[in-house]
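Trainee: For the sequence shown, counting from 1, position 300 maps to 300 in this note's numbering; every step adds exactly one.
I am attaching a structure below and will ask some questions about it afterwards.
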Amino acid sequence: MAEGAPTADDAGEVGEAGPVGSAPRLIAPLSTSTVTSRTPTLRWALPAGAGTEGVIVDLCQDRACSRMLTSFTATGTSAKVPTTLPSGVVFWRLRTVAQSAPGGGFSPTWQFTVGRRSAPVDTSWGSTLDVNGDGLADVVVGADAANDYAGAAYLYLSGASGLRTPPQVLPLPPKASNFGGVVGSAGDVDGDGFGDLLVAGGTAGAAYVYLGGPSGISVTPQTIAGPSADGFLFGSSAASAGDVDGDGYGDLIVGAYSHDSYSGAAYLYRGGPGGLTGSPLVLLDPDMTPEQDEFGATVASAGDVNGDGYGDLAISSFIGSPDMSGPVYVYLGGPSGPSTAPSDRLDVTAFHVSVADTNGDGYADVLASEDGGHAIDVFLGGPSGPTTTPQVLDVGGIPMTGSYGASVAGAGDVDGDGFEDVLAGGYTGNVAFLFRGGASGPDPTPLTLADPGSSPNDTFGLAVAGAWDVDGDGFDDVLVGAPGMTLQVGRAYLFFGSPSGPRTPPTVLQDPANGQLDLFGDALQ
């Protein structure tokens, strides 16, 4: 466990203990996260009144634990897995030794993803969208201009052969506006072991979290309303925050870039046994100038950039002030959550922000797409946080004026070499690029994903996302949106991973409503 992470002695303080005789409560790695070691450290809190007899740890290939990988006994509130785990999704659960009789005292079953190599740093970060806990990543696609701009969102559950169709259509919340403009994983905000779904939108004034379960998501979401009547464009950006305080519950970050005359703000909501709870931590524009910085235009988990075991945040100012640099601010997590002051300022004209461990060192790296700069900046993580001088990924020889760098995402490990990759796209040009990770960071020469569509105006690459492993073959998959901007029906394309990179042809997802200008594919994961 990295220096500064919660220890076995304090693990029981991060959440309420259960009643005497109840099962231990799992703490880390957070369910649906990715671990950086093939022998990861597991943490839990013991129930009140538990003796010193220890716990039994089960690690399995399936949620029911009918296919056991290993089982061992541990004392205290943490243990390192004694055997090397296979790559892929691993499920785990606990019970006290006193409750080892059949049928007694199991904790909820959690899951994490194991990579193909162990990094020097033993931590975890990120979240896979797996709402029914079957170990296969699910896909969500937004269409925020559908239904006369009320919006729409579609959830595709996965199976061994890929995505199941037709998708589940999420009911529109009351007074919805641009619903589906933001979609993705919310992590596991209630600690039940199932991934939760996040949907928000550009002018909705709210964010919605759908709790996962054995049958998929709840029909009725938990609504996170904006802090005022006008909403401050609350929900124009939103993302899983990981676990910023190490309590074993996923947290959520929501941006509101028009707050206070467009100076902007971001709101951090903590997870708990019933989901998101309590008043948010409000993060304001660190420059505190009267300029229209639009702080919170993009919010994202920064993974664990310093390897201390706590989730970190990345928040961008779209315009930037006072020097118009449009910086990205990094907020480091800790036992009490992040400070209201950022730890780092990364000077880049950022349009989108994402995260990946591109050099396999166990520290998450911050990815920032340059607005109009035609490049992706990669700030490598390290024990002191991200570097301030980025590695620049550019494809200047390709004619994509005004477009390249509009979208960026951590792609997971598409080619299965143990290093995470970077996916980038643009407004026009109808092309996307995959930069493969390596020991020194991303390879500056990308693989090119050409537009499978027939129209030059379908905006292929406007949105990109890592889909993780949809079909369970051990290779992560990627999504590219083509929402269409000129009376077209939008599409999304799922490219499956392979040793040589994304396979073609991709699986085509077309707007189920077949609506022109619905902008299906404008947001996806």
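Idealized CB from N, CA, C, for every residue including glycine.
(1) From the DSSP output, in three-state form, read off residue 232 for me.
(2) Taking the alpha-carbon positions, what's the residue 582 to residue 437 distance?
(3) Excluding the 5 residues preceding and the 5 following residue 216 in the sequence, name in chain order all residues of the same chain whose CB lies nearer than 8 Å to its CB.
(4) With distances taken Cα to Cα, identify the nearest neighbour of residue 128 among 120, 137, 336.
(5) Could you name the residues that DSSP lists as bridge partners for residue 71?
(6) For residue 568, write down the residues that DSSP places opposite it in a beta bridge.
(7) Quick one: what does DSSP say residue 131 is sitting in, helix, strand or coil?
(8) In angstroms with no decimal places, state the Cα-to-Cα distance between residue 189 and residue 112.
(9) Would DSSP call residue 146 helix, strand or coil?
(10) If you draw a straight line from the C-alpha of residue 276 to the C-alpha of residue 430, how long is it?
(11) Could you please give the first and the last residue of the uninterrupted beta strand (DSSP E) stretch that includes residue 524?
(12) Given this structure, state the Cα-to-Cα distance separating residue 171 from residue 512, to the nearest angstrom.
(13) Using a Cβ-Cβ cutoff of less than 7 Å, which residues in the same chain neighbour residue 274 once the five nearest sequence positions on both sides are dropped?
(14) In whole angstroms, what separates the C-alpha of residue 281 from that of residue 300?
(15) If distances are taken between C-alpha atoms only, which option among 212, 173, 187, 453 comes closest to residue 205?
(16) Which residues in the same chain as residue 140 place their Cβ atom closer than 8 Å to its Cβ, once the five residues preceding and following it in sequence are excluded?
(17) Taking only the alpha-carbon atoms, compute the straight-line gap between residue 233 and residue 295 and give it to the nearest angstrom.
(18) I believe residue 463 touches residue 518 by the beta-carbon criterion, under 8 Å. Please report the beta-carbon distance rounded to the nearest angstrom.
(19) Which residue marks the beginning of the beta strand (DSSP E) containing residue 25, and which one marks its end?
(20) Determine the direct distance from the alpha carbon of residue 359 to that of residue 392, and round the result to whole angstroms.
(21) Can you name, in chain order, every residue of its own chain whose Cβ lies under 7 Å from the Cβ of residue 80, other than the five neighbours on each side?
(22) What is the residue span of the beta strand (DSSP E) that residue 477 lies within?
(23) Take residue 317 as the anchor and find which of 255, 334, 46 has the nearest alpha-carbon.
(24) Would you grab the beta carbon distance between residue 353 and residue 442 for me? Rounded to a whole angstrom, and I think it's under 8 Å.
(25) I need the boundaries of the beta strand (DSSP E) containing residue 412, first residue and last residue.
(26) Under the three-state reduction of DSSP, which class applies to residue 323: helix, strand or coil?
(27) For residue 369, which residues of its own chain have a beta-carbon under 6 Å away from its beta-carbon, when the five flanking residues on both sides are left out?
Mentor: Inspection of the coordinates gives the following:
(1) helix
(2) Since the first and last residues shown for the chain are 1 and 525, residue 582 lies out of range.
(3) 131, 132, 155, 157, 168
(4) 137
(5) 58
(6) Residue 568 lies beyond the residue range present for the chain, which begins at 1 and ends at 525; the question has no answer from this structure.
(7) coil
(8) 15 Å
(9) helix
(10) 39 Å
(11) 520-524
(12) 14 Å
(13) 190
(14) 15 Å
(15) 173
(16) 129, 153, 154, 155, 156, 183, 184, 197, 199, 524, 525
(17) 12 Å
(18) Their Cβ separation, rounded to whole angstroms, is 14 Å, which puts residue 463 and residue 518 out of contact at 8 Å.
(19) 25-28
(20) 14 Å
(21) 39, 41
(22) 477-482
(23) 255
(24) Incorrect: roughly 16 Å between the Cβ atoms, too far for contact.
(25) 407-412
(26) Because residue 323 sits at a pLDDT of 42, beneath the cut-off of 50, its placement in the model cannot be relied upon, and the following sentence gives the value as read from the coordinates. Correct three-state label for residue 323: coil.
(27) 351, 352, 376, 405, 408
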